[in-house]
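Take the position in the sequence shown, starting the count at 1, then add 156; the result is the number in my numbering.
Don't be surprised by glycine CBs; every beta carbon is placed ideally from N, CA and C.
Some notes on the structure that comes next.
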Amino acid sequence: MKRALEYLTYLFIFLLPFQTRWIISDPQINGNVWEYGRLSIYSFDIVYILILSIFLILNFKSFKCIKYIKYILLAILFVVLNFIIADNKLINFYWLLRIFQGISLIWMFSKINFDKIKFIWTFVISTGLSASLGIYQFLTQSSFASKWLGLAIHSASVAGQSVIETGGERWLRAYGTFPHPNILAGFLIVSLILSFYLYPRLKKIYQKNILIILSLISSAALFFSFSRAAWVALLIIILYHIFFLKKKKILPIVCLVLLTCLSVIYLPLIKTRVVGSERLEVKSNTERISGYSQAFQIIKKHPLLGAGVGNYTVELQKTYSGQSAWDYQPVHNIYLLLLAELGILNLLILIFLMYPFVKKMFDSKLSYIFVFFFLFLFLFDHFLWTLGGGVLIWFLIVGFLSKKSTPGHNIQI
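Dropping the structure here:
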């Protein structure tokens, strides 16, 4: 059963980038799908249930509630306060489960004996597959649908798709296996950070060559996602490795060379994204600024307890009724989103619940790079709080970094 736990952990990691799901609730607003009201069970959730079940069976007798009593009471208070304030109780309950799913993953990772090298390889290979699909989507300017892989059809000619509009042409951005290019970019940076640290620790040439290929694929897909925040974050991370870390420069330099070549080839598209003067870029920036204003209104209305986890767009519907479903978007800033949904009190409780794990995490040198990346990305997007896999990825990394390495079995990071 312990061996099963280890390999189920790898399977969970592998499935995280894939959006295969069973939609159990699919509400609509004015005849259109309300994505942020959808409740879904993902393929990785099934694996999580198996991991949790086996873990509890193996550790039931040794578990001491009294040891965690203050955290249990705080968790109960967090749930009660959220449930009281939230207008949509069902959505609130669903996202509360997501949060505690993430916290339980960190706790279980501290007990499950898995190999950190296998952990990294599993995630890098999985995101590499998603990256390969993203490259295909950009180069062919099309994508195919697959319910088993959680893929939707995307086309540059269809309104509402994530595209770059320049010179009268529309270019489809790379989605990979995700619902938006920015999410693909976020996962790929996590993969590249792990790859940069794994490469100098590999002994066999063929393993290094495979990792170089996977990293180049991920770098290309990240470029084709045309996520500006991800570009900046990756550039800073690469330059940090090149100028400040010893013996960890080869892979970052190779990726930088590829990104430079692609930048020369697709310079007009880069200018469009950077300058932001085209119609769609102006519209995107305007909507983001408007989102900040909406977030401040909700924070002002619910300063102490927030609107409830998952209830940001519910609150928008109350304030701005009669709009289309896609007009109700979370603010592209997780700091504001957390304050709007949790309020000051609930946010402090969540920080206290996370503190024991985050504290252990800083025993690792790799932690500081991940902390920079996540704190930076929190400024520009919301998927790390509004997507099932997005929420779990940073819990996953905290669990990975806070886990102590076993001599002879895991790499020291």
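Taking all protein chains shown into account, N502 has 16 or more neighbouring C-beta atoms within 10 Å of its C-beta and is therefore buried. Within a 10 Å sphere around the beta-carbon of Y362 sit fewer than 16 other beta-carbons, which makes this residue exposed. Looking at the DSSP output, E321 sits in a beta bridge with R326.
Contact annotation: S347 and F256 have beta-carbon atoms that are not nearer than 8 angstroms. With respect to Y355, K364 sits close: the two C-beta atoms are nearer than 8 angstroms. A straight-line Cα-Cα distance of about 29 angstroms links I169 and V189. The stretch 236-255 and the stretch 456-473 touch, with three or more beta-carbon pairs separated by less than 8 angstroms. Going by beta carbons, L533 and A389 fall inside the 8 angstroms limit.
With a cutoff of 8 angstroms on beta-carbon distance, I345 and A386 are scored as near each other. Between F536 and H488, the gap from beta carbon to beta carbon is short of 8 angstroms.
Cα atoms of L425 and S374: separation of roughly 19 angstroms, rounded to the nearest angstrom. If you draw a straight line from the Cα of T469 to the Cα of Q485, it comes to about 6 angstroms.
At a Cβ-Cβ threshold of 8 angstroms, F265 and K559 count as neighbours.
Counting only residues of its own chain and dropping the five nearest sequence neighbours on each side, L461 has a CB closer than 7 angstroms to the CB of L237, I241, G499, L501 and N502. Counting only residues of its own chain and dropping the five nearest sequence neighbours on each side, S196 has a CB closer than 6 angstroms to the CB of R177 and I179.
With at least 16 other beta carbons inside 10 angstroms of its own, E471 counts as buried. Secondary structure at Y422: coil, using DSSP grouped into helix, strand and coil. The Cβ atoms of L557 and L522 sit closer than 8 angstroms to each other. In this structure, F174 lies away from L295, with their beta-carbon atoms at least 8 angstroms apart. Counted as a single uninterrupted DSSP element, the stretch harbouring I268 is not any beta strand (DSSP E), since DSSP gives it neither H nor E.
Here I255 carries a helix assignment [DSSP, helix/strand/coil]. Counting the other CB atoms within 10 Å of its CB gives M517 a total of 16 or more, which places it among the buried residues. Residue pairing for R177: DSSP places it in a beta bridge opposite Y198. Closest in C-alpha terms to W277, from the list L172, L395, L367 and Y511, comes L367. Shown here, V465 sits in coil according to DSSP, grouped into three states, outside any helix or strand. Using a Cβ distance threshold of 8 angstroms, L509 and L161 do not count as a contacting pair. Here DSSP, grouped into helix, strand and coil, assigns Q184 to strand. With distances taken between CA atoms, T333 lies nearest to Y292 out of F216, L494 and Y292.
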